[in-house]
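*Asks:* Using the numbering used here, the letters of the sequence shown map in sequence onto residues 30 to 505.
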Amino acid sequence: MHKFATSLRRRTSGSDQFRRCFSQLAQRQSSIEESGGVPIIPAFDYSPPPYTGPTAEEILRKRKEFLSPAMFCFYKKPLNIVHGKMQYLFDENGRRFLDGFGGIATVNCGHCHPDVVKAIINQTTTLQHSTILYLNHSMADFAAALAGKMPGDLKVVFFTNSGTEANELALMMARLYTGCQDIISLRNAYHGNAAGTMGATAQSNWKFNVVQSGVHHAVNPDPYRGQFGSDGEKYAKDVDDLIQFGTSGNVAGFIFEAIQGVGGIVELAPNYLPPVYKTIKKAGGLVIADEVQAGFARTGTNFWGFQNQGIVPDIVTMAKGIGNGIPLGAVVTTPEIAKVLTRRSYFNTFGGNPVCTAAGHAVLKVIERENLQENAHVVGSYLKQRLTSLKDKHEIIGDVRGRGLILGVELVTDRKLKTPAKMEILEIMETMKDLGVLVGKGGFYGNVFRITPPLCFTKEDADFLVDVMDYSISKL
Ligand code: PMP
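1. Buried or exposed: where does residue 239 fall if 16 or more other Cβ atoms within 10 Å of its Cβ makes it buried?
2. Find the nearest neighbour of residue 104 within the set 223, 117, 89, 114, judged by alpha-carbon distance.
3. What residues in its chain sit with their C-beta under 6 Å from that of residue 50, if we drop five residues either side in the sequence?
4. For residue 37, which three-state DSSP category applies?
5. With DSSP run on the structure shown, which of helix, strand or coil describes residue 395?
6. Compare the C-alpha of residue 195 against each of 317, 289, 290 and name the closest.
7. Should the stretch 299-306 be regarded as contacting the stretch 466-486, the criterion being three or more beta carbon pairs within less than 8 Å?
8. If I follow the unbroken beta strand (DSSP E) through residue 359, where does it start and stop?
9. Do residue 429 and residue 417 come within 7 Å of each other at the CB atom, strictly closer than that value?
10. In the structure shown, what three-state DSSP assignment does residue 347 receive?
11. May I ask which residues mark the beginning and end of the beta strand (DSSP E) holding residue 470?
12. Have a look at the DSSP bridge pairing and note the partners of residue 439.
13. Got a sec: does the ligand PMP put a non-hydrogen atom nearer than 6 Å to the Cβ of residue 319?
14. What residues in its chain sit with their C-beta under 8 Å from that of residue 505, if we drop five residues either side in the sequence?
15. Spell out the partners DSSP gives residue 113 in its beta bridges.
16. Just the C-alpha distance for residue 220 and residue 179, rounded to the nearest angstrom, thanks.
17. If we require 4 or more residues per run, which alpha helix (DSSP H) segments fall completely within the stretch 219-278?
18. With a cut-off of 8 Å on the beta carbons, I'd call residue 254 and residue 394 a contact; round off their distance for me.
19. Per DSSP, what are the beta-bridge partners of residue 188 in this structure?
20. Nearest CA to the CA of residue 260: which residue from 270, 248, 271?
21. Are the stretch 349-357 and the stretch 125-142 in contact at 8 Å, needing three or more beta carbon pairs?
22. Return the chain-ordered list of same chain residues with a C-beta closer than 7 Å to the C-beta of residue 406, the five sequence neighbours on each side being excluded.
23. Note the first and the last residue of the continuous beta strand (DSSP E) segment covering residue 82.
24. Compute every distance between the C-beta of residue 191 and the non-hydrogen atoms of the ligand PMP, then say whether any falls below 6 Å.
25. Can you tell me where the alpha helix (DSSP H) holding residue 444 begins and where it ends?
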């Protein structure tokens with residue numbers, strides 16, 4: 030019997046959970062055996078229309094000549110993705126891939142979800158753009174629906190076109206509201222790449238050598254690499270120290286991702302946010318939750334990532350999942366804080382345009398009607414459990430973390446020293462792609478698999494992803 034199939038059988042005898050799933054696993058195992066040990070992608074009753082456009086080589090040639098050299102691609106031979114349907118993507122040859130990255134935690138409802146597509150087409154054919162200087166119901170309807178998803182007094186929405194823009198606006202509002210400049214952010218954070226947000230971002234790889242003032246970066250409450258492990262309260266003390274030693278004693282605010290996405294799916298240590306919230310309030314600042322990756326039901330247990338630590342921020346920023354791929358971002362805050370922007374004129378040509386907000390509204394309805402939060406919880410928990418059991422088998426897996434369908438698998442060449450497996454991850458990722466699974470990669474050292482699929486992911490998809498990862502690591 031193939032080594033891979035043997036390992037599957039061994040794993041099934043280990044835990045109660047797996048015993049319950051035995052028949053499902055046995056079925057999968059026999060199909061793996063039939064395929065000579067190579068896991069097979071779950072069946073999916075859909076074929077895309079034949080692709081007649083340019084080849085990957087032609088596109089790459091144009092891209093090299095006419096597009097910024099800063100743009101990079103995954104994989105030795107970049108993929109030409111030409112079609113998407115729910116949790117699957119298709120290349121130029123009609124080959125189907127399981128999408129474990131979701132356009133970077135963006136396509137929450139699934140690729141080309143018919144309701145979202147319909148909303149975009151309907152609105153485009155009715156009115157694509159006028160200006161917010163006239164009334165239109167699309168933006169107002171979506172703002173009301175979005176406000177309905179927020180806790181507390183977070184009821185006023187400003188639309189933007191991206192996450193960077195949303196965070197720029199939030200940081201400015203905090204500064205205007207408090208009359209202070211100093212922002213506290215976390216090491217390993219990613220909040221955007223414009224002047225202010227690049228300052229809040231704290232990974233050298235994403236920071237250019239340009240002016241970035243007024244941000245202090247606190248010790249990251251990273252349960253895997255941090256000095257205090259999962260003791261959130263101990264890390265929280267550093268925010269207090271930063272304020273006492275590095276500022277006048279008052280700050281504009283604190284910005285955080287409940288689960289750091291670009292930073293490698295680092296979920297802030299438990300019990301970190303409540304004491305930090307108190308410290309920031311004491312210093313007169315506002316608390317800003319960046320929900321660009323963790324928001325819109327992705328964490329499964331809650332609609333927003335910050336809710337997993339039981340705080341209510343003063344400002345919440347969002348993008349990515351808000352539009353299922355359409356360019357859209359938003360800042361949501363209280364009526365009182367929102368007023369600061371009336372001191373001058375604030376205007377954004379495309380922010381809140383009818384097409385994008387129609388898409389956003391459709392996204393909210395799909396998440397609710399299709400119970401995507403519940404699915405993210407159920408399938409995400411199952412996937413995390415299976416990834417965790419893979420850790421028992423492969424020394425190279427140092428950590429499995431995250432919640433719902435925002436999961437990270439950190440690879441190390443030495444578990445004790447936590448040496449980042451930078452080269453190995455590339456090889457494994459390449460093999461996974463060859464076998465039909467696309468996942469993301471990130472983390473400060475570039476050694477973390479980022480798994481952020483569409484929230485319609487199934488248990489069969491989860492099994493396929495883990496089996497492919499298992500097989501690919503075995504082939505190293
Ligand atoms: N915040 C977070 C948490 C992000 O992950 C990102 C994008 N990776 C941004 C902000 C910036 O969003 P955008 O790329 O839409 O400007």
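For each residue, glycine too, the CB sits at the ideal point set by N, CA and C.
*Replies:* Taking the coordinates as given:
1. exposed
2. 89
3. Unreliable placement is indicated for residue 50, whose pLDDT of 46 sits below 50; the coordinate value is still reported in the next sentence. Excluding residues within five positions, none has a Cβ falling inside 6 Å.
4. Confidence at residue 37 is low in this model, with a pLDDT of 37, below 50, so its placement is unreliable and the value that follows should be read with caution. DSSP places residue 37 in helix when its eight states are reduced to three.
5. helix
6. 317
7. no
8. 358-362
9. yes
10. strand
11. 469-471
12. 428, 477
13. yes
14. 425, 453, 456, 457
15. 118
16. 21 Å
17. 224-229, 261-275
18. Not confirmed; about 40 Å, so no contact.
19. 359
20. 248
21. yes
22. 329, 330, 433
23. Neither: residue 82 is in no beta strand (DSSP E) and is coded neither H nor E.
24. yes
25. Counting along the chain, residue 444 falls outside any alpha helix (DSSP H), and DSSP gives it neither H nor E.
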